[in-house]
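Protein chains in written order, with the working numbering: chain Z, 60 to 174; chain B, 17 to 131.
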């Protein structure tokens, strides 16, 4: 079935370094991808999204890269800060059944930022 | 603009009981999706409602049901609770119907514990 997975379940980085979180997806029909950040006790927070007709999209300190050839997605965080410590999820949407409301989530990567 | 709100935030129920969770989307948003989050299965899509109609449903038993009201507020119900239903139930709202972008904004969740 459809699935979205993560290569690294945990990632520890030094404050100020750049972080890269990876994600593999299996459904080549997926046309939309999102990265979420979830802090303890909170719901997922939208970070950045990208459509399948794009390879790269940049936000504030974050960049998402999409490689459709190998079905790979990555989130780059520049100058990682302690406040970036959280679990990061990638999610995909394939417009299955005509609905855009059924995101398929990866298992998540825990990012720990060392001061 | 207020975010997605969910009530109650915490709930303890006994096996066999039923429970109703409530979600109020962001003002103006008409799409509401529900997700179940557990440590073992991660974030899994339950169902999506748009304009009071269920548009898609995930792979959950019929004990899980939902509805949406004319003001876009949504409820989900779980009947005959099982221990495995213990989870964080997240509601997400989205404003643009079938049009891109598809980003969903999550509420803080309802933590359900079944004993």
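C-beta: ideal position from N, C-alpha, C; glycine also.
Of the residues the options, which one's Cα is nearest the Cα of residue i?
i              : options                       : result
residue 126(Z) : 101(Z), 86(Z), 174(Z)         : 86(Z)
residue 120(Z) : 79(Z), 69(Z), 71(Z)           : 79(Z)
residue 85(B)  : 39(B), 23(B), 24(B)           : 39(B)
residue 176(Z) : 75(Z), 72(Z), 109(Z)          : The first residue shown for chain Z is 60 and the last is 174, placing residue 176(Z) beyond what the model contains.
residue 73(B)  : 52(B), 111(B), 95(B)          : 52(B)
residue 102(B) : 93(B), 91(B), 54(B), 61(B)    : 54(B)
residue 126(B) : 105(B), 109(B), 111(B)        : 105(B)
residue 174(Z) : 97(Z), 96(Z), 76(Z)           : 76(Z)
residue 61(B)  : 68(B), 92(B), 34(B)           : 92(B)
residue 162(Z) : 23(B), 77(B), 58(B), 20(B)    : 58(B)
residue 74(Z)  : 142(Z), 151(Z), 164(Z)        : 142(Z)
residue 32(B)  : 111(B), 130(B), 96(B), 100(B) : 96(B)
residue 78(B)  : 94(B), 67(B), 90(B)           : 94(B)
residue 118(Z) : 139(Z), 82(Z), 106(Z)         : 106(Z)
residue 128(Z) : 172(Z), 113(Z), 164(Z)        : 113(Z)
Which stretch, first to last residue, makes up the beta strand (DSSP E) that contains residue i?
i              : result
residue 84(B)  : 80-84
residue 62(B)  : 58-66
residue 69(B)  : 69-73
residue 91(B)  : 90-94
residue 134(Z) : 131-136
residue 42(B)  : No beta strand (DSSP E) holds residue 42(B); DSSP gives it neither H nor E.
residue 81(Z)  : 78-84
residue 21(B)  : 21-23
residue 126(Z) : 121-126
residue 103(B) : 103-110
residue 54(B)  : 47-54
residue 171(Z) : 168-173
Report the three-state DSSP secondary structure of residue i (helix, strand or coil).
i              : result
residue 142(Z) : helix
residue 61(Z)  : With a pLDDT of 37 at residue 61(Z), under the threshold of 50, the predicted position of this residue should be treated as unreliable, though the coordinate-derived value follows. Reduced to three states, the DSSP call for residue 61(Z) is coil.
residue 108(Z) : strand
residue 162(Z) : coil
residue 97(B)  : coil
residue 116(Z) : strand
residue 92(Z)  : strand
residue 31(B)  : coil
residue 122(B) : strand
residue 76(B)  : coil
residue 98(Z)  : coil
residue 18(B)  : coil
Taking the CB atoms as reference points, tell me whether residue i and residue j lie closer together than 8 Å.
i              : j              : result
residue 133(Z) : residue 89(Z)  : no
residue 130(Z) : residue 84(Z)  : yes
residue 166(Z) : residue 69(Z)  : no
residue 137(Z) : residue 98(Z)  : no
residue 35(B)  : residue 108(B) : no
residue 82(B)  : residue 65(B)  : yes
residue 123(Z) : residue 94(Z)  : yes
Since residue i meets chain D, which of its residues come closer than 7 Å, beta carbon to beta carbon?
i              : result
residue 166(Z) : No chain D appears in the structure shown, which is made up of the protein chains Z and B.
ask   = Is the number of C-beta pairs between the stretch 88-105 of chain Z and the stretch 122-129 of chain B that are closer than 8 Å three or more?
value = yes
key: Inter-stretch contact at 8 Å, needing at least 3 Cβ pairs: the stretch 24-34 of chain B / the stretch 43-54 of chain B   = no
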